[in-house]
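First comes the structure, then the notes that go with it.
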Amino acid sequence: MRTSLLSGRLLLKSFAAVFFIFVTAVSGSGQCQSPQQQLLLGLKNTLNFSLSVKSKNWNQGKECCSWDGITCDESGRVIVLDLSNQLISGASEDLDNLFNLQHLQRLNLAYNRLNFSFPSGFHQFSNLSYLNLSNAGFKGQVPDEISRLTSLVTLDLSVSSLLVTRRPLKLENPNLKMLVQNLTKLRSLHLDGVKISARGNEWCKGLSPLTNLEVLSLSNCNLSGPIEDSLKNLKNLSVIHLDENNLSAVVPKFLARLSNLTSLRLSSCSLHGPFPKEILQVTTLQSLYIPDNEKLHGSLPEFRHVGSLRNLVLSRTKFSELLPESIGKLVNLTTLDLSYCNFSGAFPSSISNLHQLVYLDLSFNNFTGGIPRFDLSKNLAYVDLSHNKLTGKIESFKWEGLQNLTHIDLSYNSFRGSIPSSIVALPSMKMIQLSNNRFGGDFPGFPKGRQYLLDTLDLSSNQLQGHIPANVFELGRLNVLLLSSNKFNGTIWLGSIQKLVNLTQLDLSHNNLSVDATGSYSTLSSFPKITRLNLASCKLKVFPDLKNQSKLAFLDLSENLISGEVPNWIWNVSDNLQHLNLSYNQLEGLQKSYQMPNLLILDLHSNNLSGNIPTLPTFASYLDYSSNSFASSLPNNIGNYLAYTVFFSLSSNGLTGVIPKSICDAIYLQVLDLSNNNLSGEIPKCLFGRKLNLGVLNLGGNNLL
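Numbers -28 to -1, 1 to 677, taken from mature numbering (1 follows the signal peptide of the UniProt record, and there is no 0), label the letters of the sequence shown in order.
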């Protein structure tokens, strides 16, 4: 009986508590006051809300406290207005209705299109604790009336880097100190992209009264250093973001004494000197971003505790030495980017303990030895270990089960053995880059019956052999296929790539392949639009049918067996063509002279071309017509054609006549080779003077004076 009575009382108390919460929630937002509703409708009618989603239910038939983006107090007065991300536009005078909503406590106009000078009227919001105008579109000087909003806890006036130049905001008069001197309740201050242009002793001291500040974000504000000790007063700081300021300073040690520090971002700040190890040992620190400070040096400390660190980005600094074995204690790490540093030695085995890793970039260092296992890091999506000194085989089990892996780059190392099928078989993979290693054997190919997302496959400069698996040419999403400089063999019909409808780059050069380019395939609607095609040393006997490849920018058909004339279409194939290499073939002539205004590199050397010298492309930097049978004289105005040329060779032809003095106008020439011809007359004096910056001049084997 007592148990039943006790249960009944508990049930009654629970019901009473739920009823109280329900009544409180209902009474917390009163009936909308009519003047408040009219102000909101007036705001909608004056500003352009045509793209707004939130304002669609703003109408007379519905009371305003239930409208999207609106919150009222118990008296029906609007206290929260959130119109963020609504693409609202208009003029400054259209905000009059807004400034009459004087009971507002929170105002969010972020991400709109209010493309006009920062308006006046914000001083009327005396109760405002939260003001977010980030990327609202305002420009010009931030008015001093913002400094009167003494109840502000959060102030966000930030401008994204894409809008800084188009819609600049600035803090000059008032400056930063004047803006915040009365805002002593501030806990969060975001002024990213606002032009402050202050020295360290100005902006640091200006912030010192904000002793409650927890979040400080002043990225890309034209600030300079140093970071002064006056910031030590801000003992509650948890987040410090000062990226993209030219601080030109050392990193102060006092940052390690901020006991609540969770995020420190100092990327691209021209920092120098040693980075304090103590900061890396702050137990509360979750994110450290200090990349792109090329004069900043340091090393990783011994990590004594299981830290909170989730993101560690030190790329493009001079951090060096070994990775400590204790890095395995950072079990919460999701991002580890140490690329473009000077780390060395072997990877500690404990790196396999980082099971939460999503992004790992250790490229461009001096790491040696093998690689650890990653099969327990099930969230891993991105791995870049390229440009190191890594060796050994890649065991398949180290990559098994990584269903989220999309990017792997092991290029420019010395790995050997076969390519693990476990990497190739992952259907989530978008990019496989294994070039410039010593991988051998057959390429395993892609298991059938799966849908693959692969965008890039780069196996170039290895020792792979055998046939290229046929299903490589069935990867419909493939954009880049680079298989050059291996030992692949067999015959490939060029038309077989028609299934690769998204392909833009194809390189099969320097294998033992025979590419069959016969037949017509470029007119097929499914044939991809290639921008870069390299079929050098592929035993080609005819020109591929590329006449419809309007996006072609790079074409290399060198070291093949192509004979006859260079077809007319090759000069008209694409306005984008910049690189054309037809060297080491058996070509005998040009069907017509050509005009290719965007061509930068033209290599026709080692053919059987004869007759007059072809018209020289006006903007080319590299021209090689050597080892042919051209038998004309050099054009008198040759200097006009070579105005931007760095390399020019007509050696080993049958040229006659003199070297025109206009060659002196080719002021960028560094290599000039006219050797082994029948040229005569005087050598222009400029070829020996300072006007030209020639590094190589070869005129031997002629009859010159």
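Using N, Cα and C, we set each Cβ at its ideal position, and we do this for glycine too.
Buried or exposed (CB count within 10 angstroms, at least 16 for buried), residue i
i           : result
L677        : exposed
E297        : exposed
L63         : Here residue 63 turns out to be Ala, not Leu, going by the sequence shown. Exposed, by the Cβ-count rule.
E46         : exposed
D201        : exposed
R288        : buried
P399        : exposed
residue 679 : No information on residue 679 is available, as it lies outside the stretch -28 to 677 that the chain covers here.
P7          : exposed
G270        : buried
K657        : exposed
A(-4)       : At A(-4) the pLDDT is 35, less than 50, meaning the model places this residue with poor confidence and gives no usable figure here.
Q32         : exposed
R662        : exposed
L134        : exposed
A489        : buried
N99         : exposed
Residue i versus residue j: straight-line alpha-carbon distance, rounded
i     : j    : result
L429  : Y597 : 34 Å
V278  : S259 : 15 Å
F526  : A228 : 52 Å
D356  : L295 : 16 Å
L562  : P539 : 7 Å
Y331  : V303 : 14 Å
L148  : I299 : 40 Å
A638  : L614 : 5 Å
F346  : K370 : 5 Å
N434  : F411 : 5 Å
W543  : Q567 : 7 Å
S599  : F515 : 21 Å
L627  : L377 : 59 Å
G611  : P589 : 12 Å
C509  : F339 : This sequence places Ser at residue 509; Cys is not what is there. Each residue's Cα considered, the two are about 35 Å apart.
E186  : T306 : 24 Å
I(-8) : R49  : With a pLDDT of 34 at I(-8), under the threshold of 50, the modelled position of this residue cannot be trusted; read the value that follows with caution. Each residue's Cα considered, the two are about 22 Å apart.
L478  : S546 : 17 Å
I168  : E117 : 17 Å
L230  : K204 : 8 Å
D575  : N584 : 16 Å
N325  : L310 : 18 Å
Extent of the continuous alpha helix (DSSP H) to which residue i belongs
i    : result
M150 : L148 to V152
N314 : Counting along the chain, N314 falls outside any alpha helix (DSSP H), though it belongs to the beta strand (DSSP E) covering N314 to A318.
I251 : K249 to L252
P7   : S6 to T18
K177 : G172 to L179
Residue closest to residue i, alpha-carbon to alpha-carbon, out of the options
i    : options                   : result
E266 : K16, S220 and L382        : S220
D215 : N192, T43 and D488        : N192
L664 : L238, L453, F619 and G626 : F619
P569 : Q550, K459, D575 and Q558 : Q550
N107 : F97, L127, E117 and D116  : L127
P146 : G178, V125 and L161       : G178
E654 : D381, L671 and D645       : L671
F387 : L374, S593 and L406       : L406
G341 : A318, D333 and L352       : A318
M150 : P181, I51 and C636        : P181
S239 : G245, P248, N218 and D264 : D264
S349 : H327, G364, K361 and K28  : H327
G417 : L436, V444, D427 and L571 : V444
P632 : V52, L659 and L382        : L659
I502 : L155, N484 and L454       : L454
First through last residue of the beta strand (DSSP E) which encompasses residue i
i    : result
L552 : H551 to N553
G341 : N338 to G341
K459 : K459 to W465
N104 : Y102 to N104
S160 : S160 to H162
L505 : R504 to N506
F275 : Taken as a continuous stretch (DSSP letters only), F275 belongs to no beta strand (DSSP E), as it is neither H nor E.
Nearest-angstrom Cβ-Cβ length linking residue i and residue j, presumed shorter than 8 Å
i    : j    : result
K290 : E250 : Rounded, the Cβ-Cβ distance is 19 Å, inconsistent with contact.
N232 : T255 : Incorrect: roughly 11 Å between the Cβ atoms, too far for contact.
V114 : L76  : Contact doesn't hold; Cβ gap of about 19 Å is too wide.
Q558 : S535 : 4 Å
N69  : G109 : Going by Cβ atoms, the distance from N69 to G109 rounds to 18 Å, so no, they are not a contact pair.
K26  : G41  : 4 Å
A82  : S56  : 4 Å
Short CB-CB distance (under 8 Å) between residue i and chain C
i    : result
V630 : Protein chains in the displayed structure number just one, and chain C is not present.
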